RNA sequence: GCCCCGUUAGUGUAGUGGCCUAACACGUCUCCCUUUCAAGGAGAAGAUCACCGGUUCGAAUCCGGUACGGGGUACCA
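Residue numbers (the numbering used here): 39 to 542.
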């Protein structure tokens with residue numbers, strides 16, 4: 039067992055609230071959480087809101103909601119505080135300023151008054167000359183007097199980190215192994231913007247150190263800037279954490295997953311009727327596996343078996359079909375009580391939001407729902423499907439397509455005859471229980487000398503309005519004699535009017 | 001352009017030098033069960049392990065190159 043998975047790890051998820059929390063980000067948070075729980079450490083939530091231009095207040099809420107929904111609880115965070123509060127970077131500005139002062143004092147960093155316009159001009163020239171773009175470190179040669187002059191004139195001043203002109207930097211990544219970079223390719227980079235806010239590079243380094251973070255788990259897009267982060271750690275005299283760069287999640291076209299690929303936020307999956315444990319399970323498997331063929335796992339099992347060493351190096355494509363399957367598996371594994379609890383809110387939503395028709399009175403009869411659930415339990419792939427599969431049990435009227443009533447292998451005239459016979463039987467059959475009903479109807483089929491199909495299909499369509507439904511006699515029994523007979527009579531009328539229409 | 005990372009069936013993964021005539025799962029197809037739809041069961045198709053070369057008695061596994069894909073190259077994170 040390696041140290042990284044045996045000693046308590048302090049991990050952090052540090053999203054920037056600039057939009058909907060992406061499913062890729064959620065997976066990173068999942069790995070953070072998993073490592074912390076696995077090792078008996080702590081999971082910290084920190085909001086990195088240093089980009090004032092892109093800040094969105096709602097984004098922060100969606101981050102919190104997403105993590106909560108998936109059960110990724112944090113031990114320290116902006117809402118609950120902790121020993122290193124505050125956990126929002128815009129409230130920790132003095133801390134970054136202190137570090138900047140130290141870096142300035144030691145000569146590791148310097149102030150630079152190069153304006154954005156000058157930078158743009160430089161870029162244009164490099165582009166025209168065909169040379170690699172990048173800052174030319176001109177600020178290194180500015181004198182203190184020059185900077186003061188610019189400051190007095192109100193010009194923007196930034197602080198840049200000085201990068202060595204030559205040499206290489208190697209670091210070990212848990213996922214990639216040893217990664218090596220050449221300093222000569224890196225330019226002096228900004229650690230403090232002219233608005234006084236730190237850049238990500240500085241802020242997260244200071245916070246990770248100050249908060250005692252042991253493992254930085256983040257997307258692989260951060261690999262190229264890791265040398266900067268190590269440089270800052272070293273200049274401040276700090277050890278740097280263990281880096282775990284996880285592969286990206288791609289859409290079906292192999293580009294970075296985005297809104298174009300359909301539901302991209304965790305909350306959309308919630309709204310579509312996915313179980314948090316299924317999404318949890320699925321996301322864990324996107325870039326990690328326990329090492330054998332086990333796929334369906336509970337949260338606890340995943341915590342049990344998780345290790346950062348087994349995180350894959352290559353990106354994965356998000357396969358929504360497999361998620362759908364896995365969701366069905368998890369739904370089938372739910373106890374009836376649990377299922378009922380999750381499904382009731384769906385059914386009782388407004389019709390426009392995917393609930394039962396508004397004509398159905400709320401609250402629903404719990405006992406009735408409870409009785410129906412077993413009929414559809416194993417058929418559900420999402421929670422939301424419950425509305426459609428149970429709707430005909432609740433509405434007054436169902437509207438079958440007349441052409442669908444006879445079924446594929448029969449015709450309206452035959453179906454009419456069968457429905458009439460069925461009506462007679464239904465009038466008197468007793469008890470009105472599934473088993474007895476089935477026995478009686480099978481006997482009727484024999485008497486009529488037909489297979490069950492042509493007899494049962496018209497009943498099913500008449501009663502449920504659909505060719506696809508739960509087992510017929512459970513359904514008939516649950517709906518009750520009177521309503522079943524009403525619906526069959528209505529179907530007979532439909533067949534009659536349709537017949538006369540085609541004859542005319 | 002330059003730098004970094006990656007590459008096993010359509011997809012997710014297993015595989016860490018001989019057990020690989022490459023396994024499992026999703027998806028697809030066929031059949032069984034069956035009143036429909038699911039679920040379940042049995043099977044099938046689908047991969048020259050990106051390509052080329054090297055190391056080795058032996059390579060999906062190690063090394064090099066090429067191709068392709070992705071990422072980075074901001075006073076975004």
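Cβ coordinates follow ideal geometry from the N, Cα and C atoms, glycine included. If you're wondering where the values come from, they're calculated on a predicted model, not measured in any experiment.
In the DSSP assignment, residue 447 forms no beta bridge with any residue. Look at residue 122 here: in three-state DSSP terms it is coil, with no helix or strand label. Taken through DSSP and simplified to helix, strand or coil, residue 152 comes out as coil. Taking C-beta atoms under 8 Å as the contact rule, residue 418 and residue 371 fail to qualify, at a distance of about 12 Å. With a minimum length of 3 residues, the unbroken runs of beta strand (DSSP E) contained wholly in the stretch 227 to 262 fall at 227 to 230, 253 to 257.
Within the DSSP bridge table, the entry for residue 109 names no partner. Exposed is the label assigned to residue 154, since fewer than 16 other Cβ atoms lie within 10 Å of its Cβ.
Spanning the alpha carbons of residue 207 and residue 424 requires a straight line of approximately 56 Å.
According to the DSSP assignment, residue 499 belongs to the alpha helix (DSSP H) that extends over 490 to 502. Counting C-beta pairs closer than 8 Å gives fewer than three between the stretch 334 to 353 and the stretch 192 to 205, which falls short of the contact rule. For the pair residue 292 and residue 286, the Cα-to-Cα distance works out to about 10 Å. Following the DSSP letters along the chain, one finds residue 76 inside the alpha helix (DSSP H) bounded by residues 61 to 77. Look at residue 363 here: in three-state DSSP terms it is helix.
Per the C-alpha coordinates, the member of 522, 249, 303 positioned closest to residue 501 is 522. If you draw a straight line from the Cα of residue 374 to the Cα of residue 313, it is about 15 Å long. Contact check for residue 134 against residue 236 passes: the beta carbons are separated by less than 7 Å. Sequence-distant Cβ neighbours of residue 329 in its own chain, meaning closer than 7 Å and more than five residues away, are 348. Spatial neighbours of residue 56 in its own chain (CB-CB distance under 8 Å, excluding positions within 5 residues in sequence) are listed in chain order as 89, 92, 93, 94, 97. The residue from 101, 245, 265, 376 with its alpha-carbon nearest to that of residue 218 is 265. The Cβ atoms of residue 283 and residue 316 lie no closer than 7 Å to each other. Between the alpha carbons of residue 156 and residue 46 lies a distance of about 48 Å. In the structure shown, the three-state DSSP call for residue 199 is strand. For the set 71, 139, 59, 189, the Cα lying nearest the Cα of residue 251 is the one of 71.
Going by DSSP, residue 425 is part of the alpha helix (DSSP H) stretching over 423 to 432. DSSP, reduced to helix, strand and coil, places residue 181 outside both helices and strands of the structure shown, so it counts as coil. Residue 244 is positioned such that its CB atom lies no closer than 7 Å to that of residue 128.
Burial check for residue 80: the Cβ neighbour count within 10 Å reaches 16 or more, so the residue is buried. When beta bridges are read from the DSSP output, residue 49 appears opposite 81, 253.
In this structure, the alpha-carbon of residue 454 lies about 34 Å from that of residue 385. According to the DSSP assignment, residue 405 belongs to the alpha helix (DSSP H) that extends over 404 to 414. Sorting 331, 214, 320, 345 by C-alpha distance to the C-alpha of residue 355 places 320 at the top. Where residue 284 is concerned, the enclosing beta strand (DSSP E) starts and stops at 280 to 284. For the 7 Å CB-CB criterion, residue 398 and residue 431 do not form a contact. According to the DSSP secondary-structure assignment, residue 217 is paired through a beta bridge with 209. When DSSP states are grouped into helix, strand and coil, residue 294 belongs to the strand group.
Around the beta-carbon of residue 84, 16 or more other beta-carbon atoms lie within 10 Å, marking it buried.
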